[in-house]
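Structure first, commentary second.
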Ligand code: NAP
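In the working numbering, the protein residues as written are 65 to 415.
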């Protein structure tokens, strides 16, 4: 595979740091440009970034100079084939459009997720949405494009719902227990969250309820028809560093047995596994049988942070089946997802 140079926008944040960590030694991608806000521009990365990951900041990355997040500054800083955007949602929209006129942009932000001609991609779940890229380029007269990854709590939910579609998935109720790193750095003040649970995360419930239908929808050659599923989400912030836990209840028309549902989870694979993409976990879903799993501390790093761990699969007296699922929010829910999306695009010739 030809090597590609990448730029990371918002390289100093929680997700930007994870991109840097996961791209170290990547067989296909090299980091060429790091961009962030005016506060960081002009500084060495090691001076601009409060590195908060347990592994060391790569030395050569620490020596790179951070540039402003505009097309001219990024182009002057290096030759780039691909842009990863971890920009805050409220400013990402127009900035990503400027870059997309020339470059492929893989975005972690919400701004363009629900645009009709923009993929909302989970490589194992809906690789066909990549076919929106030529539609978008034609419509917008861009040489590049924008492809988005879903919200972190939506990604892990949708991965577990996909294998249940064959049983006639009709209704979903999900209650999330979301980690602190999902709020970025420094995120939630410690005095608000220690000894506490905050039963509200701005815009999160709406994202889960709308994005999931697009992810599981049907692509008709021009647009995605949303899946006909009713989804209700309640989101909570909990005192956990990394790893979102979700209690999920599903109504399945065909009333499969618990064992059939577990087997559907266990046997689920997608394009990344068939293509053996570097970031792909061997198993997208791991089913645990212990009565008290999954747990954030014990299960978030499964499959190098790219597997979703499911447990406590059981019958539900109101709906059909209930289970818990857990995913690493800054790896499978953010940077790891972005890299896997880029790998799929590279393997399929979109970049
Ligand atoms: P964060 O830790 O708060 O980092 C914010 C980043 O944005 C920093 O690099 C900051 O640069 C940069 N930034 C702020 N204002 C800017 C501006 N005006 N121009 C250019 N850069 C600017 O946030 P995060 O958790 O990394 O989240 C980044 C994005 O990913 C958000 O859209 C978020 O919703 C999404 N996301 C996050 C997660 C997660 O688990 N955290 C998961 C999925 C998606 P400076 O350091 O220079 O200020």
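Where is the CB? At the ideal position from N, CA and C, for every residue including glycine.
State the beta-bridge partners of residue 95 as determined by DSSP.
70
Is residue 360 close to the ligand NAP? I mean its beta-carbon at under 7 Å from any heavy atom of the ligand.
no
Three-pair Cβ contact test at 8 Å for the stretch 170-182 versus the stretch 147-161:
Contact holds: three or more Cβ-Cβ distances are below 8 Å.
Residue 294, enclosing beta strand (DSSP E) - first and last residue
Element bounds for residue 294: 294-301.
Indicate whether the contact test is met: 3 or more Cβ pairs, each with one atom in the stretch 374-388 and one in the stretch 323-339, closer than 8 Å.
yes
So does residue 151 have its beta carbon nearer than 7 Å to some heavy atom of the ligand NAP?
yes
Tell whether a beta-carbon distance below 8 Å holds between residue 188 and residue 336.
yes
Hey, is residue 125 close to the ligand SAH, as in C-beta under 7 Å from one of its heavy atoms?
The model depicted lacks the ligand SAH and carries the ligand NAP instead.
Which of helix, strand or coil does DSSP assign to residue 31?
Past the boundaries of the shown model lies residue 31; the chain is included only from 65 to 415, so the question cannot be answered.
Beta-carbon within less than 6 Å of residue 174's beta-carbon, same chain only, minus the 5 sequence neighbours each way: which residues are those?
Within the same chain, residue 174 has close Cβ partners 153.
Residue closest to residue 74, alpha-carbon to alpha-carbon, out of 67, 66 and 83
83
Go ahead and label residue 411 buried or exposed: buried means 16 or more other beta carbons lie within 10 angstroms of its beta carbon, across all protein chains shown.
Buried, by the Cβ-count rule.
Taking 8 Å as the threshold (C-beta atoms), are residue 370 and residue 342 in contact?
no
The ligand NAP heavy atom lying under 7 Å from the CB of residue 74:
yes
Is residue 267 near the ligand NAP - that is, is its Cβ less than 7 Å away from at least one heavy atom of it?
no
Please determine, among 219, 110, 254 and 247, the residue with the shortest C-alpha to C-alpha distance to residue 238.
219
Using beta-carbon positions only, say whether residue 206 and residue 156 come within less than 8 Å of one another.
Contact: no.
Suppose the cutoff is 8 Å on Cβ atoms and the five residues either side in sequence are ignored; what does the same chain contact list for residue 404 look like?
187, 336, 341, 343, 344 and 370
Identify, in the order they occur along the chain, each residue of the same chain with its Cβ nearer than 8 Å to the Cβ of residue 194, setting aside the five sequence neighbours on each side.
The residues are 183, 185, 211, 408, 409, 412 and 414.
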